[in-house]
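S.K.:
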Amino acid sequence: MEEIKNLIDQFNPENLNSVLRSKTRTFRQINEPLTYLNDEQFSECILFGEFKLASEDEMVVVTIKVNKPLSERSGKKAQYTLGKKFLKDSQRYVGGFFIFYDDKGDFRFSLIYDIPLATGKRDWSNFRRYTYFVSKDQTNKTFIHQIAEADFSSLEKIIEAFSVEKVTKQFYDEIASWYFWAMDKVEFPDDEDKNRENRNAKNLIRLITRIIFIWFMKEKNLVPSSLFEKSFIDKIINYQDKTGSTYYKAILQNLFFATLNTKMKSDDENSRIFISEAVKRGYISDAYLQQGFYRYERFIRDKELFLQLFANVPFLNGGLFESLDKKINGTEIRIDCFSDNPKNETRLKVPDELFFLEEETDTDLSKYLYKGKNKKVTGLLTILKKYNFTIDENTPIDQDVALDPELLGKVFENLLAAYVPETSTTARKATGSYYTPREIVEYMVNESLIEHFKNVLNTNDKKVEENLRNLLDYSADENPFDEETTLKLIDAIENIKILDPACGSGAFPMGVLHKLVLALHKLDPENKIWKQRLLNRVPTEIRSETEQSLQNKSIDYIRKLGLIENCIYGVDIQEIAIQISKLR
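In terms of our numbering, the sequence shown has 584 at position 581, counting the first letter as 1, and numbering is strictly consecutive.
1) Which residue spans inside the region 216 to 274 form an unbroken alpha helix (DSSP H) run of at least 4?
2) Determine the extent of the alpha helix (DSSP H) in which K169 is found, giving its start and end residues.
3) Less than 7 Å separating the beta-carbons of I211 and D305?
4) Below 8 Å on the Cβ atoms is my contact criterion, and I expect G108 with K144 to pass it. Report the Cβ-Cβ distance as a whole number of Å.
5) Name the residue from Y291, D403, E568, I49 whose alpha carbon lies nearest to the alpha carbon of F112.
6) Are the Cβ atoms of V97 and L158 separated by less than 7 Å?
7) Below 8 Å, how does it come out for the region 257 to 277 and the region 302 to 321: are there three or more Cβ pairs, yes or no?
8) In whole angstroms, give me the CA-to-CA distance for V423 and R199.
9) Is the beta carbon of G382 closer than 7 Å to that of F358?
10) Assign V137 to one of three DSSP states: helix, strand, or coil.
11) If I follow the unbroken alpha helix (DSSP H) through N458, where does it start and stop?
12) Should S342 be listed as close to the ligand ZN, given that the test is whether its C-beta is under 6 Å from any heavy atom?
13) Shortest alpha-carbon distance to E152 belongs to which of E416, K169, F309, F324?
14) Measure the alpha-carbon distance for F165 versus D401 and round it to whole angstroms.
15) Locate the alpha helix (DSSP H) running through Y560, then write down its first and last residues.
16) Among the candidates L225, A253, G573, D575, whose CA atom is the shortest distance from the CA of F309?
17) Express the C-alpha separation of Q294 and N273 in angstroms, rounding to a whole number.
18) Between the region 341 to 352 and the region 362 to 369, do three or more beta carbon pairs fall short of 8 Å?
19) If you draw a straight line from the alpha carbon of E599 to that of R301, how long is it in whole angstroms?
20) Can you give the Cα-Cα distance for D407 and M220, rounded to whole angstroms?
21) Considering just the uninterrupted stretch of the beta strand (DSSP E) at P36, what are its terminal residues?
22) In the DSSP assignment, the beta strand (DSSP E) including I331 goes from what residue to what residue?
23) For L258, which residues in the same chain have their Cβ closer than 6 Å to its Cβ, ignoring the five residues on either side in sequence?
24) Please classify V189 as buried or exposed, where buried requires at least 16 other C-beta atoms within 10 Å of its C-beta.
25) Does V137 pass the burial test, meaning 16 or more other C-beta atoms within 10 Å, or should it be called exposed?
26) For K491, which residues in the same chain have their Cβ closer than 8 Å to its Cβ, ignoring the five residues on either side in sequence?
27) For E550 and D395, I'd like the C-alpha separation in whole angstroms.
28) Beta-carbon separation of L37 and L50 under 7 Å?
29) Of the choices A522, S77, E468, whose alpha-carbon is the least far from that of D480?
30) Out of curiosity, what's the CA-to-CA distance linking P512 and G573?
31) Kindly indicate which three-state DSSP category T393 falls into: helix, strand or coil?
32) Could you check the C-alpha separation between K370 and K245 for me, to the nearest Å?
33) Have a look at the DSSP bridge pairing and note the partners of Q402.
34) Between which residues of its own chain and E361 is the CB-CB distance below 7 Å, once the five residues before and five after are set aside?
35) Suppose you measure from the CA of I587 to the CA of R28; what does that come to, to the nearest Å?
36) For I493 versus I571, is the C-beta distance shorter than 7 Å?
Below you can see the structure in the form of structure tokens.
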């Protein structure tokens, strides 16, 4: 483990060699320049070394310097292409580690390997990649732990060290323990649901979903990371809530309701202000049960710093961050209890320790768990900081070993299974909440689209079906169709209507979105046809304005915009699931 930490602290050949030698005795350093791989993006491409597996198959290690600063998302496709090209050209190695690094010393540690045909032979055209992005600016705990525990004796065991599922399960286990621990510590108003366990479960699942989604926003720098640093928060709030829940009320509730679900001040000067300010401006009649005003001013030490912190957080207009408090037939119904009235202060309890506890604490969860009743728990923010998160949703052939937005669905639907304490199956049976694995989603998407496109083309020709499969194959790069058929397929995509009548948290809609974007990438690589079709849908009076707004947008953004607006629909009985789908 020390060798891995040294590599993160200082990426250089000596430290990389130490890591590889600590993992396998068969590693042999070579240091052969691969100048033919150098281009405007990459330099100093070097065949660093190789090692043998127990099967006598060989693995290669290639290091590549990137010419621009490396980030979580930068140059991923070009890096994958380089790795596949090297393996295909050499046809000597079953796979390899391709390590892309920059001047700062951040690096992407990728495992790329060839998948044999069903016959066992290799045609060097079907590859898979798993990737760690490692940066001095993050904890890298997943990378350190997984590589330290890894066994490099076989490709299967190496793949296990790059398993996203293993990381996701570990994360879920920690979140589940936190959830059960929190169940006995929180209190929510009983206006709508008199059953304490039911209302605590519903509100905690919603809270976890909200926080995890915000964590992904933090990865995009849309929400300041200082919101989750206690040393910084201590400068803003005074921790005087009677239930010890100042952080949840003064910071998180104001973030959820009066920020993320409220227009930015640049769009509405009367937005995102404290209720006391609303009184001065004559808006107090609108403040009652309206979430667009900041509350809990009595808990805030530094109002100016507070307002600065929230100023640039975007307005999402998504139901996940809508306060559920309401008034029905003159009766006040508190659910979120986003209230400045001191009479409601003791009705809502979400203790600060649930977020900030750093030291692992042994907790008896036998009330909720059949096995392993004693669990170690920490604060929710402490858990989140342990893991790497990526805003790119993984595909079956290209996965970051980090937690991606699909996690929202997995956590929500797994926690829903614990909704009724008596039996973990009750809620699933009542709502049909089962998360569909990515591989099954891909199969369903492929078969559905292929049948649809065959109908559009009015053919059962086997060659056409094979070409359609290549069109939807992440491993194939070329458009397999002539110009006439290409235009027919773009027409078909533009006019397709896809409905998932039980979409849950969006597995199928997200899967079909990715596949249609992939198809458009091959059918219309420069996006000229699709962009024009998108503009043609816009009323003529705002067409030029719309075209201008798309000028600086990425090609895939424009593809996704058209598909999401016009082609993909979802329905579900679970309201939170729908909000997750929309936000994803």
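Glycine residues also receive a C-beta, built at the ideal position from the N, C-alpha and C atoms.
M.R.: In short:
1) As far as the region 216 to 274 is concerned, its whole alpha helix (DSSP H) runs of at least 4 residues are 233 to 236.
2) Here residue 169 refers to the residue found at position 166 of the sequence shown. Start and end: 167 to 186.
3) Numbered from its first residue, the sequence shown carries residue 211 at position 208. Numbered from its first residue, the sequence shown carries residue 305 at position 302. Going by C-beta atoms, I211 is not nearer than 7 Å to D305.
4) Residue mapping note: residue 108 aligns to position 105 of the sequence shown, counting from 1. Residue mapping note: residue 144 aligns to position 141 of the sequence shown, counting from 1. So it is not a contact: roughly 18 Å between Cβ atoms.
5) Within the sequence shown, the letter at position 109 stands for residue 112. Of Y291, D403, E568, I49, the residue nearest in Cα terms is D403.
6) The residue labelled residue 97 in the question sits at position 94 within the sequence shown. The residue labelled residue 158 in the question sits at position 155 within the sequence shown. Cβ distance < 7 Å, so V97 and L158 count as in contact.
7) Of all C-beta pairs linking the region 257 to 277 to the region 302 to 321, three or more are shorter than 8 Å, placing the two stretches in contact.
8) Translated into the one-based positions of the sequence shown, residue 423 becomes position 420. Translated into the one-based positions of the sequence shown, residue 199 becomes position 196. Caution is warranted here: a pLDDT of 48 is assigned to V423, below 50, making its placement in the model unreliable, and the coordinate value is therefore given only provisionally. Their Cα atoms are separated by approximately 12 Å.
9) Looking up residue 358 in the sequence shown gives position 355. Looking up residue 382 in the sequence shown gives position 379. With respect to G382, F358 sits close: the two C-beta atoms are nearer than 7 Å.
10) Residue 137 sits at position 134 when you count from the first residue of the sequence shown. DSSP, read as helix, strand or coil, puts V137 in strand.
11) Taking the first residue of the sequence shown as position 1, residue 458 is located at position 455. For N458, the enclosing alpha helix (DSSP H) stretches over residues 441 to 460.
12) Ligands in the displayed structure: none, and consequently the ligand ZN is not present.
13) For the purposes of this step, residue 152 is taken as the residue at position 149 of the sequence shown. Nearest of E416, K169, F309, F324 to E152, Cα basis: K169.
14) For the purposes of this step, residue 165 is taken as the residue at position 162 of the sequence shown. For the purposes of this step, residue 401 is taken as the residue at position 398 of the sequence shown. D401 has its alpha-carbon roughly 11 Å from the corresponding atom of F165.
15) Taking the sequence shown and counting its residues from 1, the one referred to as residue 560 is at position 557. Element bounds for Y560: 558 to 569.
16) Within the sequence shown, numbered from 1, the residue matching residue 309 stands at position 306. For F309, the closest C-alpha among the options L225, A253, G573, D575 is that of A253.
17) As a first step, residue 273 is located in the sequence shown; it is residue number 270 there, counting from the start. As a first step, residue 294 is located in the sequence shown; it is residue number 291 there, counting from the start. In this structure, the straight-line span from the alpha carbon of N273 to that of Q294 is close to 13 Å.
18) Counting Cβ pairs under 8 Å, fewer than three are found: no touch.
19) The requested residue 599 does not occur in the structure, where the chain is confined to residues 4 to 587.
20) Along the sequence shown, read from residue 1 onward, the residue named residue 407 stands at position 404. Along the sequence shown, read from residue 1 onward, the residue named residue 220 stands at position 217. The alpha-carbon of D407 is positioned some 12 Å away from that of M220.
21) Looking up residue 36 in the sequence shown gives position 33. Residues 31 to 36.
22) The count along the sequence shown starts at 1 and reaches residue 331 at position 328. For I331, the uninterrupted beta strand (DSSP E) run begins and ends at 329 to 331, by DSSP.
23) Within the sequence shown, the letter at position 255 stands for residue 258. If you ignore the 5 residues before and after L258, its C-beta comes within less than 6 Å of no other C-beta in its own chain.
24) Your numbering for residue 189 matches position 186 in the sequence shown. V189 should be labelled buried.
25) In the sequence shown, residue 137 corresponds to position 134, counting from 1. Burial call: buried.
26) In the sequence shown, the residue the question calls residue 491 occupies position 488. Excluding sequence neighbours, K491 sits near V459, L460.
27) On the sequence shown, residue 550 is found 547 positions in, with the first residue counted as 1. On the sequence shown, residue 395 is found 392 positions in, with the first residue counted as 1. Answer to the nearest angstrom: the Cα atoms are 26 Å apart.
28) Position 34 of the sequence shown holds residue 37. Position 47 of the sequence shown holds residue 50. The Cβ-Cβ distance between L37 and L50 falls below 7 Å.
29) Here residue 480 is taken as the residue at index 477 of the sequence shown, counted from 1. Just measuring C-alpha positions, the residue of A522, S77, E468 sitting nearest D480 is A522.
30) Within the sequence shown, numbered from 1, the residue matching residue 512 stands at position 509. Within the sequence shown, numbered from 1, the residue matching residue 573 stands at position 570. Distance between the alpha carbons of P512 and G573: 7 Å.
31) Here residue 393 corresponds to residue number 390 of the sequence shown, with the count starting at 1. Coil.
32) Stepping through the sequence shown from its first residue, residue 370 is reached at position 367. Stepping through the sequence shown from its first residue, residue 245 is reached at position 242. If you draw a straight line from the Cα of K370 to the Cα of K245, it is about 27 Å long.
33) By one-based count along the sequence shown, residue 402 stands at place 399. Beta-bridge analysis with DSSP links Q402 to Y133.
34) Stepping through the sequence shown from its first residue, residue 361 is reached at position 358. Within its own chain, the residues whose Cβ lies closer than 7 Å to the Cβ of E361, once the five positions on either side in sequence are excluded, are T381, G382, T385, listed in chain order.
35) In the sequence shown, residue 587 corresponds to position 584, counting from 1. In the sequence shown, residue 28 corresponds to position 25, counting from 1. Reading the sequence as shown, one finds Arg at residue 587 and not Ile. For R587 and R28, the distance between alpha carbons rounds to 44 Å.
36) Counting from 1 along the sequence shown, the entry for residue 493 is found at position 490. Counting from 1 along the sequence shown, the entry for residue 571 is found at position 568. Against a cut-off of 7 Å, the Cβ pair of I571 and I493 comes out as no contact.
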